[in-house]
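Novice: Same order as they appear, the protein sequences are chains Y and R.
Residues 805 to 1444 (the numbering used here) make up the first sequence, in order.
Residues 2 to 345 (the numbering used here) make up the second sequence, in order.
Input: one structure, supplied below.
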Amino acid sequence: MRAPDGRRLVRLLAATSLAGALLLPAFSLPARAADKLVLRVGATQDLDSTNPYQTLLVVGYEAFQLTYNLLVDFGPNLEAVPGFADKWERAADGKSWKFHIRSGMKWSDGTPATAQDACYSWDLAVAAIAAGENIGAGYLDPGLADAGVTKVECPDDETMIAYTEDGSDRVLQAYLPIIPKAVYGAKDYKAIGEEKFDAPLVGTGPYTLVEWKTSEFARFARNPNYWGTQGAADEVVLQFYTNGDTMMQALKAGEIDYARDPNAEQLKALEGDPNIATVAGSANGWVQLAFNGYGASNGKTIKDGGPSTKALLDPAFRDALGYAIDKKTLVDKVLGGYGDQGNTIVPPVLGKWHVEPTTPRTFDIDLAKQKLDAAGYKLDAEGKRLDKEGKPISLRVYLPNTDEVYANAAPFVKDWYALLGIKVSTQVFDTSTLGNLVLPPEAGPEYKADYDIELWGWAGNPDPNALIQIFKCDAIGGSSDSQYCSPEFDKLYDDQLKASTAEDRKAILATMQNMIYDQAVYDILFYNADLAAYRTDRFTGWQNQPLANGKPLFTYGTLQYTLLKDATAQPSPTAAPTAAPSGAPTTAPTPAPSGDGGTGSGGDLTVTYALFIGAIIVVVGVVLAFIFRRRSARAAGDEE
Amino acid sequence: MRSRPVSARYLARQSAQAIFTIAMIVLLNFILFRMMPGSPDRVNPRNPNVTPEQREAARERWGLNDPLLPIGITLDPPGITITGENQLFAFIAATLRGDLGYSMKYRGKSVVEVIGDRFWPTILLIGLAEVIAIILGLALGAYAGWKRGGKADRIGNGLSLILYSMPYFVIGMPLIIIFAAGLGWFPTSGMLTAGATYTSPLDFLADLLSHLALPLATVSLGLIGGYSILMRSSIIETRGEDYVETARAKGLTDRRILRSHAFPNALLPAVTLIAINLGYVVGGAITAEIVFNWPGLGTLTVDALDARDYPVLQGIFLFLGISVVLANFAADIVYGYLDPRVRR
C-alpha cells in the first residue's frame, strides 16, 4: 500500500525551498555597493609582492608604479616625461644630471614630497651597487648601475644631482620607485628588500594601494594629491584569475574592463562584440633558439657536458640552420597570427634602437642544405647529416613548461631540421631546472651546460642594454644561454654606453645587432605579441604605449590610467558644474577616497563566514531533527 | 541499549593508529617535496642581473644548503656523517611548534596566514555543497533503489551516473557561459565583488550568495552522483533482507519500511563515504575552484605548485592529511556506535 503522495510533496517542497532560500538572495539585488567608478583590470598573473624590490612579475610592476612615481616617467612613445622630477638637465661638466623636484608636491597622506625622498630612494640603489649587491630580488637597482650612477646629492628640497661615470641619458630610464623617506627612511638597502610594504601605501602616483587580498585582487584608491591629470576612475582594482577562460567570460559579462594577456583563440572569440576592443601590441621580448656555443672562443670543453657536437660552435652551421626555419608559419600557427617574425636582438617595439638585419635569412630548405654541404656537413648514405668528426648530428632542444608557445613551436623546429637530416629530441623542464641546466662551470663546479639548443625567451627593459648584455663575455655563468663571447662585441657594448648622441649609439647598436644575427648566435623565432582586450562602454580614452604597436596597460609608467574617461558620464543637473570633461587637472568631481581606502571591504569577514556557516548548519540540523522525530514517532506508532 | 559507548580499548587503538598515521604524513610530507625536481631558489635564474654568488647567498639564507637528513652516506671516501643541522630536524621541530614557515611566493607572509585566508572560502563552498549533495544524493539514491527498475530508478540512476562522471569544469563552464556571461544572473567568478564596500551585512551576504550560487550548484551536482549511486545499491541489498520482509508481513506501508527499516540500515556504507569526503573538504575541489576563481585551498594548491612554493604546499598537504585521518577516526568512532560488531 502506498501512502498518499501529499506528504511526499510537502517534503519535496521543503527541500526545494531550503535550496531556494540559499540561492534566492542572489536574484534579489545586484550586489554592487557604492557608486564609485571602478576600473577593473583582469590578469591571469598573480601579484607576488607589493614590495617593488621583491616582485618578479609584470603585475607587481604595475602595482608599484601606480603607487610610486619614477623620477622620470615614460611618455606615449617611451620618451622621458616628468615624473617625480618635472625638469632635468645635463650639467656643464657633462657627467652629472640636475633634476628639479616639483614644487609643492605632496604624498598621498598630505606630507610634502621633496628631493630628500628622491635622494633616499636612489641612495638605496647606489649603496647596493657600491657593495656589489642588490636590493631584494635584484631587478631594479641594475638600472642605476647601467646608467653609471656613482653618487646622488640633494642640496635643497627641490634639487637632486646624480653623478654618473659618463653622463649618459640612461639615467632618465632608471626604473626606481621614489618611496617616502618619512616612512622607510630608517631602512637601508638590505632592510628595504625585506620590507613588507603592507597596504595602505603612501605614494605620489595616480592611485595608491589600499588593499591586497592574495590571489584575489589589489585595490588602489585615487591619490587626491596626485600632481598630474586625474583619471576618471575613483579606484583601480587589479583582479587575479587562475583561469583565462573565466577571465574572458568576466570581460564579456562586463565584470572587468580590461583583460591582460588572453591567448589568440580567446582574443579571436571576442571579434564582433561591439563593446570590446582587442589589441595585439608588440612585446618587448622574444622566443629564441639559443645555440650552445660553449668553448667557441677559448677552446674549453666540459667533462660530461657542453654541446653534443662541435658543429654548434661553427657560425656557418648555425647560419645554415636559420634558412630552415619558416618564421611566418611560426607566427601564424604558434601565435595565431599575432606577433612579429624574429630577427635581431633589439625588439621592434624599441623602434628607436631596433634595426632589421642587413643580410636577412629566408626560409629555403634547399639553400639550407647547400650551405650545410658547403660548410662541410655532409649527408651519409642513410640521409643523416654528419658533423666534421663524422658523427651523425642529433640535437637536444630543451624548453620550459611555463608557456604553451614553447611546446607548440618545438615540433616545427624538429620537423624542419629533420628535412636537413638532423635529428632533434625535445625535452620540457620547469624553469628553475632549465635555468640551472644551461649554466656552465663558470657558475659553479656543479654546472655542466649540458644542452644543445635552449628554446626559451627573454623580456627586456625600455633600454636595449638589458637584452644585449646577455651576449657579453661576462654573462657566461650568469644570464648567457648561448655561451657566446666576443671581445669585439664587448668593446662595442662599452662604446655604445659612452656614445654621446642617440645617433651614434644607434649606429653601434646596429652593428651589434647584425653581428649576433650574422653569426647566428641566436635564432630569434618571433617577437611575441602582448594581447589585451578591453571594454569601451565604461571607459574611453584607452591609449597604447608605444602609440603604434603597444598596448594600453601593463606598460612603462602609468600615464594610460590617467587618460581614461568615464564613457557613461552625461551632463546632469546634479553634477558639479566644474566637472571638466577634458581631463583638466582639477580635483575629481566625485568625492575621492582618502589614502586610507575608506571603509575597506567588510573588515574581518571570518566571523561573518563562521556565523553564516553556523546558521546553515543549525537550519539543516533543525530540519533533520524534525524529520527524524516525526519518523520515530511514526515508527513507535507502527509498532503498536 | 541504544547507545552503548565504544570500549576504551577500541578508542585507544583507533587514536594510536591516527597519531601514527599523522607522524608518517609529516615524514612523507618532508621527503616528497624534496624529491620534486626544480629548486625554490628565490632569485629568478632568468634575471640577467643576478650573479651566481647572489643565488648561492639566497640558497644559504633559505637553509637549502643544509643536508636533507641527519645521516649522510658518502662513497668517496666511504663514511657516514651525522649532523644535527639538517633540514629534516628543523622541519619536524618547526611543525611541532605550529610554525609552517613562510610562503616563498608571497614573501613576508606566513604559511599559516596564507592557508588561513583560504580556509573559510573552501569550507563554505565545499562544506555546503557536501551537505546539499548528501541530503539530495542519499534521498535520490534511496528512492531509486527502492523503486528499482521503475521509471524513477532509470531516470535517477542515469542522472547520477552522468553527474558522477562529469568533472567540475565540464559542469561549471556551461553554467558560467549561460547564467553569468549570457543571462547575467550571477557573477562569473570570485567570492565577493573585488574591493567592494558594503553598507550592511545584508548587502555583504547578498554579494556572497550571488557569487556562491554557481560554484555551489556545480560542486553539489558533481557530488550528488556518488552518494546516490552508493545509496541505491545499498538499498537494493537491504530490500531483500529478512527484517524488511518481516516489516512487510506486519503490514507496514512501503514508505514506512523504507524510512524506518531499510534506509537506516543502508546508511552504513554511506557513513564511510561521507566521512572520507568530509576529510577531503579542506582540500577543496581544485577544478571547481579554478573555474570559478574561488579563493580557496584548491586554487592555492595550484598557485603554490606553479610557484614552487614548497612551504605552502607542505602546509596544505599536512593540513589535508591530518583532516583526512581525523575524519576517518571520527568515522571509526561513529561506526562503533552504529555497528556493535566493531566496538571491541
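We put the beta carbon where it would ideally sit given N, CA and C, even for glycine.
Counting Cβ pairs, one atom from each stretch, are 3 or more of them under 8 angstroms apart for the stretch 1095-1109 of chain Y and the stretch 1283-1302 of chain Y?
Specialist: yes
Novice: Determine the direct distance from the alpha carbon of D1038 (chain Y) to that of T1394 (chain Y), and round the result to whole angstroms.
Specialist: Reading the first sequence from its first residue, position 590 is the one you call residue 1394 (chain Y). Reading the first sequence from its first residue, position 234 is the one you call residue 1038 (chain Y). Unreliable placement is indicated for T1394 (chain Y), whose pLDDT of 32 sits below 50; the coordinate value is still reported in the next sentence. Rounded to whole angstroms, the separation of the alpha carbons of D1038 (chain Y) and T1394 (chain Y) is 8 angstroms.
Novice: If you measure from the beta carbon of S832 (chain Y) to each beta carbon in chain R, is any gap under 9 angstroms?
Specialist: For the purposes of this step, residue 832 (chain Y) is identified with residue 28 of the first sequence, where counting begins at 1. At S832 (chain Y), the pLDDT of 39 sits below 50, so the modelled position is not reliable; the number obtained from the coordinates is stated separately. At least one chain R Cβ lies under 9 angstroms of S832 (chain Y).
Novice: By Cβ distance below 6 angstroms, which residues in the same chain neighbour L826 (chain Y) in space, the five residues on each side in sequence not counted?
Specialist: Taking the first sequence and counting its residues from 1, one reaches residue 826 (chain Y) at position 22. A caution first: L826 (chain Y) carries a pLDDT of 47, below 50, which makes its placement in the model too unreliable to give a value.
Novice: Using beta carbons (cut-off 9 angstroms, strictly below), is A1081 (chain Y) in contact with chain R?
Specialist: Against the first sequence, residue 1081 (chain Y) aligns to sequence position 277. No, A1081 (chain Y) does not count as interfacial toward chain R.
Novice: If N1088 (chain Y) and G1264 (chain Y) are in contact, beta carbons under 8 angstroms, what's the gap, nearest whole angstrom?
Specialist: In the first sequence, residue 1088 (chain Y) corresponds to position 284, counting from 1. In the first sequence, residue 1264 (chain Y) corresponds to position 460, counting from 1. With a Cβ gap of about 5 angstroms, N1088 (chain Y) and G1264 (chain Y) count as contacting.
Novice: Quick one: using the 10 Å Cβ neighbour count with 16 as the cut-off for buried, is A1213 (chain Y) buried or exposed?
Specialist: To locate residue 1213 (chain Y), count along the first sequence from 1; it is residue 409. Counting Cβ neighbours within 10 Å, A1213 (chain Y) comes out buried, since at least 16 surround it.
Novice: Taking T1148 (chain Y) as the reference, give the member of Y:L1335, Y:E998, Y:T1315, Y:A884 with the closest Cα.
Specialist: Here residue 1148 (chain Y) refers to the residue found at position 344 when the first sequence is read from its first residue. With distances taken between Cα atoms, T1148 (chain Y) lies closest to Y:T1315.
Novice: Please classify V171 (chain R): is it buried, with 16 or more other beta-carbons within 10 angstroms of its beta-carbon, or exposed?
Specialist: As a first step, residue 171 (chain R) is located in the second sequence; it is residue number 170 there, counting from the start. Looking at its Cβ environment, which holds fewer than 16 other Cβ atoms inside 10 Å, V171 (chain R) is exposed.
Novice: Determine, using beta carbons only, whether Y107 (chain R) comes closer than 9 angstroms to chain Y.
Specialist: Numbered from its first residue, the second sequence carries residue 107 (chain R) at position 106. True, the Cβ-Cβ gap to chain Y drops below 9 angstroms.
Novice: What residue range does the alpha helix (DSSP H) around Q1317 (chain Y) cover?
Specialist: For the purposes of this step, residue 1317 (chain Y) is taken as the residue at position 513 of the first sequence. Element bounds for Q1317 (chain Y): 1306-1322.
Novice: Tell me, to the nearest whole angstrom, how far the beta carbon of P312 (chain R) is from that of V112 (chain R); I am working on the premise that it is less than 8 angstroms.
Specialist: Locating residue 312 (chain R) in the second sequence gives position 311, counting from the first residue. Locating residue 112 (chain R) in the second sequence gives position 111, counting from the first residue. With 8 angstroms as the limit, P312 (chain R) and V112 (chain R) qualify as a contact, their Cβ atoms being about 5 angstroms apart.
Novice: What alpha helix (DSSP H) runs, 4 residues minimum, are completely inside the stretch 112-170 of chain R?
Specialist: 112-123, 129-147, 152-165
Novice: How many Å lie between F324 (chain R) and Y281 (chain R) at the Cα?
Specialist: Residue mapping note: residue 324 (chain R) aligns to position 323 of the second sequence, counting from 1. Residue mapping note: residue 281 (chain R) aligns to position 280 of the second sequence, counting from 1. Note that residue 324 (chain R) corresponds to Ser in the displayed sequence, not to Phe. Those two C-alpha atoms are separated by around 7 angstroms.
Novice: At 3 residues or longer, and completely inside the stretch 1238-1263 of chain Y: list those beta strand (DSSP E) runs for me, N to C.
Specialist: Counting whole runs of 3 or more residues, the stretch 1238-1263 of chain Y contains the beta strand (DSSP E) stretches 1257-1263.
Novice: Does the stretch 219-234 of chain R touch the stretch 120-131 of chain R, meaning 3 or more C-beta pairs lie closer than 8 angstroms?
Specialist: yes
Novice: Starting from F21 (chain R), follow the alpha helix (DSSP H) in both directions and report where the run begins and ends.
Specialist: Here residue 21 (chain R) corresponds to residue number 20 of the second sequence, with the count starting at 1. Looking at the DSSP string, the run of the alpha helix (DSSP H) that includes F21 (chain R) is 9-36.
Novice: List the endpoints of the continuous beta strand (DSSP E) containing S1198 (chain Y).
Specialist: For the purposes of this step, residue 1198 (chain Y) is identified with residue 394 of the first sequence, where counting begins at 1. Where S1198 (chain Y) is concerned, the enclosing beta strand (DSSP E) stretches over 1198-1204.
Novice: Quick one, which residues of the stretch 143-166 of chain R are near chain Y if we go by CB-CB under 8 angstroms, in chain order?
Specialist: none
Novice: Please list the partners that R309 (chain R) has in chain Y, where partner means a Cβ-to-Cβ separation under 8 angstroms.
Specialist: Along the second sequence, one-based indexing puts residue 309 (chain R) at 308. Result: D1234, S1236.
Novice: So, using beta-carbon positions, are L97 (chain R) and I334 (chain R) closer together than 9 angstroms?
Specialist: The residue given as residue 97 (chain R) occupies position 96 in the second sequence. The residue given as residue 334 (chain R) occupies position 333 in the second sequence. Result no, Cβ atoms of L97 (chain R) and I334 (chain R) do not sit closer than 9 angstroms.
Novice: Would you kindly work out how many angstroms separate the C-alpha atoms of L141 (chain R) and M105 (chain R), rounded to a whole number?
Specialist: Your numbering for residue 141 (chain R) matches position 140 in the second sequence. Your numbering for residue 105 (chain R) matches position 104 in the second sequence. One Cα belongs to L141 (chain R), the other to M105 (chain R), and the distance between them is close to 46 angstroms.
Novice: Do you know offhand how far G1449 (chain Y)'s Cα is from D1234 (chain Y)'s?
Specialist: Residue numbering for chain Y in the displayed model covers 805 to 1444; residue 1449 (chain Y) lies beyond these limits and cannot be assessed.
Novice: Mind checking G1187 (chain Y): buried by the 16 CB within 10 Å criterion, or exposed?
Specialist: Locating residue 1187 (chain Y) in the first sequence gives position 383, counting from the first residue. The residue is exposed, with fewer than 16 neighbouring Cβ atoms inside 10 Å.
Novice: What residue does the alpha helix (DSSP H) around K1072 (chain Y) start on, and which one ends it?
Specialist: In the first sequence, the residue the question calls residue 1072 (chain Y) occupies position 268. It spans 1068-1072 - the alpha helix (DSSP H) in which K1072 (chain Y) sits, taken as one unbroken run.
Novice: Excluding the 5 residues flanking G138 (chain R) on each side, which residues of the same chain have their C-beta closer than 6 angstroms to its C-beta?
Specialist: If you number the second sequence from 1, residue 138 (chain R) lands on position 137. Excluding sequence positions up to five before and after G138 (chain R), its CB lies within less than 6 angstroms of the CB of I225, Y228, S229, all in the same chain and listed in chain order.
Novice: To the nearest angstrom, how far is it from the Cα of G117 (chain R) to the Cα of Y103 (chain R)?
Specialist: Mapped onto the second sequence, residue 117 (chain R) falls at position 116. Mapped onto the second sequence, residue 103 (chain R) falls at position 102. Their Cα atoms are separated by approximately 13 angstroms.
Novice: Looking at the strands, I want to know which residues DSSP matches up with K985 (chain Y).
Specialist: On the first sequence, residue 985 (chain Y) is found 181 positions in, with the first residue counted as 1. The partner list for K985 (chain Y) (beta bridge, DSSP) is empty, contrary to what the question assumes.
Novice: Just curious, the alpha helix (DSSP H) that W1220 (chain Y) is in, first and last residue?
Specialist: Position 416 of the first sequence, counting from 1, holds the residue named residue 1220 (chain Y). Residues 1208-1223.
Novice: Can you tell which of R:A328, R:L217, R:A91, R:P78 has its C-alpha closest to the C-alpha of P68 (chain R)?
Specialist: On the second sequence, residue 68 (chain R) is found 67 positions in, with the first residue counted as 1. Residue R:A91 is the option with its Cα nearest to P68 (chain R).
Novice: Which two residues bound the contiguous alpha helix (DSSP H) that contains D67 (chain R)?
Specialist: In the second sequence, residue 67 (chain R) corresponds to position 66, counting from 1. D67 (chain R) -> no alpha helix (DSSP H), and no H or E assigned at all.
Novice: Does the stretch 1143-1160 of chain Y touch the stretch 1323-1341 of chain Y, meaning 3 or more C-beta pairs lie closer than 8 angstroms?
Specialist: yes
Novice: Please report the residue range of the beta strand (DSSP E) in which P886 (chain Y) lies.
Specialist: Against the first sequence, residue 886 (chain Y) aligns to sequence position 82. Per DSSP, P886 (chain Y) belongs to the beta strand (DSSP E) from 884-886.
Novice: Name the chain Y residues that come within less than 8 angstroms of V272 (chain R), Cβ to Cβ?
Specialist: Walking along the second sequence from the start, residue 272 (chain R) turns up at place 271. Correct list: empty, because the minimum Cβ distance to chain Y is about 15 angstroms.
Novice: In chain order, what residues of the stretch 178-200 of chain R put their CB closer than 9 angstroms to some CB of chain Y?
Specialist: I178, A181, A182, G183, G185, W186, F187, P188, T189, S190, G191, M192, L193, T194, A195, G196, A197, T198, Y199, T200
Novice: In chain order, which beta strand (DSSP E) runs of at least 3 residues are fully inside the stretch 1126-1194 of chain Y?
Specialist: none
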